[in-house]
Amino acid sequence: MKKSVKFLIACGISALAVMNMAAARPVATLAAVNAVSINDHSDDPEQYYYVDDDDDDDKNDSSDNSSSGSSTDGGAVSTSDFIKPAATWFTPVCEHGKAVYVVLPLVNMFKYDVKDVVVTPVVSEKTDEFPFEIDVTGFTQKIGTLKGENTEPDRNKRAENCVWAFKTRDTVKSGYYKLNFNVVYTNPLNSIESCTISTYVKTVGLAKYGTTDGTEDNEKKSTPRVIVKGFTTEPAKVQAGDNFKLNLIVENTSKKTSVQNMELDLTGTVAGKDESSSYAAFLPTSGANSFYIENIAAGGTAQLSMEFNAKSDLEQKPYIMSIKMQYEDDMANAYEGEASVSIPVHQISKFDTSTPDIEPSSIAVGEQSDVMFSIYNTGKTKLYNVSVTASGDSIEPALAYVGGIESGGTGNVDLMLTGAAPTMDDGTINLVISYEDESGNATLTEKAINLYVSDSSEDDYSGVDDYTDDGSTGMNPTLMKVLIGVGIGVAVIVIIVIILKIKGKRKRKKEQQMLEELLDEDIENEEKDENK
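The numbering used here puts the sequence shown at residues 1 to 532.
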């Protein structure tokens, strides 16, 4: 038989009497308040409160009214049957060194409202116990009132969110961390109660810090390695000051594990003589130097391209492009890697020469002429193994070795040319200037000079002195050759005339002798006739 204690509370009872009655009873909890049934008779001037103290009923209802038990919702656990995490709870993923929002939704499963709700996470300085940085003095969240079922029947609408902005520690382990939240509130009977709600967050840390379950201590895990398998540039020869496209092939060397969420940062070698004038050798034309690759299967490859500009004042040599990689395996374990490629940069070689000095400008066969001039390196790259060769029909081959000429430097050429045969053309002699780059590739440039070579025998026969009293040349070489030729012709004519004259005299003398002999014979014949 139900035992009840009926308290008749008249409308005229003073507030002081009510307070005295409440003080005389033990402090009520939400479980006890939940056992109170209220019959509201709008037309009755009295209200009746029945407090159920039947032992059998208490046993039958213990599963519903015990506040010391626990309940779960979506992986979150509460020590109270009335203040619980709402069904909207989800487990956040927290990556090392990055900020994350943790949202704890609370719902009041009691019929009546509770107020002055205060929620505080349990923190710790130990990374193994609390995965977030303690960067503020307090993390307490306050909720004025948690509505009960009588106020709002829809439990989703009466849920209240507590939000914390945490920063995940750099040294966090990968796995799951348990978070405890202390909840303090005032029940409908103005008594203070508390409970604890426990949830879990998933953390992603660096592989070197291990996991929360300690499996890395018991077994050696294979680390997926990502490498740069190869690269090309477009164009193949990168010129300083020009744009070029860099094509990379990235390979996941692991045969079992795929990698994902991959970020690559490309940085060119820092060039310059000091910190104030240093700069990156290669600058991305788009302004961004990062790539993102969603996934690379085990043993697979990925290709990516980016356009860069090579600084115009770079020296001609290879420059390093550094590639930093961050990625995860299929268990969200984080990894880091680094690679580099060497990109040769070329400068256009340029040079200029002074006007050659040829002394003397005309020589005889067997004589020598000295040719001198300077080579100026006007480019931004060094000229290696500079040499000058001379060739022509009227001279012997000649070579002058200059050596290396630094950018902005000067090399001097001193070339001795020896006459080999008389000049039969306009006297052009070909000079070939040759140099190499740092790879040994040769470049040839031709330059023409004029040098006249005459036959030494012609000079001896003419008997004409080519020099005036002061030692300088007295006649143009071409005119001199003409005069020599004319002189030879005149001499030949004179000789022929002399020979003809001598032959004429001899002939006339012979004819006279023959005439005299004939005259003598005629005289003798006449004398013989007279004697007869």
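Quick reminder that beta carbons are idealized off the backbone N, C-alpha and C, glycines included.
Nothing here was measured: the structure is a model prediction, and the numbers come from that model.
If you draw a straight line from the alpha carbon of Asn334 to that of Val204, how long is it in whole angstroms? As a working note, residue 334 is residue 334 in the sequence shown. As a working note, residue 204 is residue 204 in the sequence shown. Note on residue identity: the sequence assigns Ala, not Asn, to residue 334. One C-alpha to the other measures close to 7 Å.
* To do: For Pro235, count neighbouring C-beta atoms within 10 Å of its own C-beta (all shown protein chains included) and say buried if the count is 16 or more, exposed if not.
  => Mapped onto the sequence shown, residue 235 falls at position 235. So Pro235 counts as exposed.
- Three-state secondary structure assigned by DSSP to Glu438: On the sequence shown, residue 438 is found 438 positions in, with the first residue counted as 1. It is coil, neither helix nor strand.
Practice item. Please state whether DSSP places Gln316 in a helix, a strand or coil. Key: Start at 1 with the first residue of the sequence shown, and residue 316 comes out as number 316. Coil.
What does the Cβ neighbour count give for Ala390, buried or exposed, with the cut at 16 atoms within 10 Å?
Here residue 390 is taken as the residue at index 390 of the sequence shown, counted from 1. Under this definition Ala390 is a buried residue.
| task | Would you list the one or two residues that DSSP bridges to Ala334? | result | Mapped onto the sequence shown, residue 334 falls at position 334. Within the DSSP bridge table, the entry for Ala334 names Leu206, Glu328 as partners.
Would you mind working out which of Ile449, Val238, Ile484, Asn252 sits nearest Ile227, comparing C-alpha positions? Mapped onto the sequence shown, residue 227 falls at position 227. That would be Asn252, whose Cα lies nearest to the Cα of Ile227.
_Let's test the definition: count the other Cβ atoms within 10 Å of the Cβ of Gly144 and tell me whether it reaches 16, buried, or not, exposed._
Within the sequence shown, numbered from 1, the residue matching residue 144 stands at position 144. Flag for Gly144 reads exposed.
Chain-order list of residues whose beta-carbon lies under 8 Å from that of Met109 (same chain, five-residue window excluded): Indexing the sequence shown from 1 puts residue 109 at position 109. Correct list, in chain order: Asp81, Phe82, Ile83, Lys84, Glu149, Arg155.
**Asked** Are at least three pairs of beta-carbons, each pair with one atom in the segment 311–323 and one in the segment 351–360, less than 8 Å apart?
**Response** Result no; under three Cβ-Cβ pairs closer than 8 Å.
Q.
Could you give the first and the last residue of the continuous beta strand (DSSP E) run that contains Asn187?
A. Within the sequence shown, numbered from 1, the residue matching residue 187 stands at position 187. No beta strand (DSSP E) holds Asn187; DSSP gives it neither H nor E.
Can the beta-carbon of Thr269 be found closer than 8 Å to that of Ile320?
Here residue 269 corresponds to residue number 269 of the sequence shown, with the count starting at 1. Here residue 320 corresponds to residue number 320 of the sequence shown, with the count starting at 1. In this structure, Thr269 lies near Ile320, with their beta-carbon atoms less than 8 Å apart.
> Can you find at least 3 beta carbon pairs, one from the segment 404–413 and one from the segment 444–457, that sit closer than 8 Å?
Replying inline: The segment 444–457 and the segment 404–413 do not touch, with fewer than three beta-carbon pairs separated by less than 8 Å.
*asked:* Can you look up Met424 in the DSSP assignment and give me helix, strand or coil?
replied: Mapped onto the sequence shown, residue 424 falls at position 424. Reduced to three states, the DSSP call for Met424 is coil.
* Determine the DSSP secondary structure at Ile134, reduced to helix, strand or coil. => Numbered from its first residue, the sequence shown carries residue 134 at position 134. In the three-state scheme derived from DSSP, where H, G and I count as helix and E and B as strand, Ile134 is classed as coil.
(message) So for Cys94, helix, strand or coil by DSSP?
(response) Working through the sequence shown from its first residue, we reach residue 94 at position 94. Cys94: strand per DSSP, three-state reduction.
By a C-beta neighbour count over all protein chains shown, 10 Å radius and 16 as the cutoff for buried, is Glu193 buried or exposed? Here residue 193 refers to the residue found at position 193 of the sequence shown. Result: buried.
_Cβ contact check for the segment 93–102 and the segment 151–170: 3 or more pairs under 8 Å_ = By the C-beta criterion, the segment 93–102 is judged to be in contact with the segment 151–170, since at least 3 inter-stretch pairs fall below 8 Å.
Q) Using CA coordinates, which residue listed in Ile405, Ala421, Ile375 is at the minimum distance from Pro397? A) Position 397 of the sequence shown, counted from the start, is the residue given in the question as residue 397. Nearest of Ile405, Ala421, Ile375 to Pro397, Cα basis: Ala421.
### Query
Where Met514 and Thr423 are concerned, what is the direct C-alpha to C-alpha distance, given to the nearest angstrom?
Your numbering for residue 514 matches position 514 in the sequence shown. Your numbering for residue 423 matches position 423 in the sequence shown. Going from the Cα of Met514 to the Cα of Thr423 covers about 58 Å.
As assigned by DSSP and simplified to three states, the class of Gln347 = Within the sequence shown, the letter at position 347 stands for residue 347. In the structure shown, Gln347 sits in coil (DSSP, three-state: anything other than H, G, I, E or B).
Using only CA atoms, which one of Gly392, Asp426, Gly440 lies nearest to Leu417? As a first step, residue 417 must be located in the sequence shown, where it is residue number 417. Nearest option by C-alpha distance: Gly392.
Do Thr212 and Gly175 come within 8 Å of each other at the CB atom, strictly closer than that value?
The count along the sequence shown starts at 1 and reaches residue 175 at position 175. The count along the sequence shown starts at 1 and reaches residue 212 at position 212. In this structure, Thr212 lies closer than 8 Å to Gly175 by Cβ.
- Item | Cβ-based burial, Glu517 [other Cβ within 10 Å; buried from 16] | Your numbering for residue 517 matches position 517 in the sequence shown. In summary, Glu517 is exposed, with fewer than 16 beta-carbon neighbours lying within 10 Å of its beta-carbon over all protein chains present.
task: Provide the residue(s) that pair with Gly539 in DSSP beta bridges, ordered along the chain.
output: Only positions 1 to 532 of the chain appear in the structure, and residue 539 is not among them; the question remains open.
Flag this pair as yes or no: are the beta carbons of Ala288 and Ile296 separated by less than 8 Å?
Translated into positions along the sequence shown, residue 288 becomes position 288. Translated into positions along the sequence shown, residue 296 becomes position 296. It is not a contact, given that the beta carbons lie outside the stated cut-off.
**Q.** Start-to-end residues for the beta strand (DSSP E) that takes in Trp164
**A.** Walking along the sequence shown from the start, residue 164 turns up at place 164. Per DSSP, Trp164 is one residue of the beta strand (DSSP E) stretching across 160–167.
Q: Take the Cβ of Lys173 as the centre, count every other Cβ of all protein chains shown within 10 Å, and call the residue buried at 16 or more, exposed below.
A: For this step, residue 173 is matched to residue 173 along the sequence shown. It counts as buried.
Candidates Thr257, Lys178, Gly427, Ser286, of which the one nearest Pro121 by Cα:
Here residue 121 refers to the residue found at position 121 when the sequence shown is read from its first residue. Nearest of Thr257, Lys178, Gly427, Ser286 to Pro121, Cα basis: Lys178.
Excluding the 5 residues flanking Val123 on each side, which residues of the same chain have their C-beta closer than 7 Å to its C-beta? For the purposes of this step, residue 123 is taken as the residue at position 123 of the sequence shown. Closer than 7 Å at the Cβ level, and outside the excluded window around Val123, lie Phe130, Ile134, Phe139.
Between the alpha carbons of Ser472 and Pro344, how many angstroms are there, rounded? Residue mapping note: residue 472 aligns to position 472 of the sequence shown, counting from 1. Residue mapping note: residue 344 aligns to position 344 of the sequence shown, counting from 1. Low confidence applies here, because Ser472 scores a pLDDT of 47, under 50, leaving its location unreliable and the question unanswered by this model.
task: Classify Pro153 as buried or exposed, calling it buried when 16 or more other Cβ atoms lie within 10 Å of its own Cβ.
output: Taking the first residue of the sequence shown as 1, we reach residue 153 at position 153. With fewer than 16 other Cβ atoms within 10 Å, it is exposed.
Task: Contact set for Ala332: own chain, Cβ-Cβ below 6 Å, skip 5 residues either direction - done: Residue mapping note: residue 332 aligns to position 332 of the sequence shown, counting from 1. Taken in chain order, the residues that qualify are Val204.
Give the straight-line distance between the Cα atoms of Ile293 and Lys311, rounded to the nearest whole angstrom.
As a first step, residue 293 must be located in the sequence shown, where it is residue number 293. As a first step, residue 311 must be located in the sequence shown, where it is residue number 311. Looking at the two C-alpha atoms, the distance is approximately 28 Å.
### Task
Round the Cβ separation of Leu248 and Leu304 to the nearest angstrom and send it over; I've been treating them as touching at under 8 Å.
Reading the sequence shown from its first residue, position 248 is the one you call residue 248. Reading the sequence shown from its first residue, position 304 is the one you call residue 304. The pair is a contact, with the Cβ atoms about 5 Å apart (cut-off 8 Å).
> Among Leu106, Tyr112, Leu415, Ala86, which residue has its Cα nearest to the Cα of Val183?
Replying inline: Start at 1 with the first residue of the sequence shown, and residue 183 comes out as number 183. Nearest option by C-alpha distance: Leu106.
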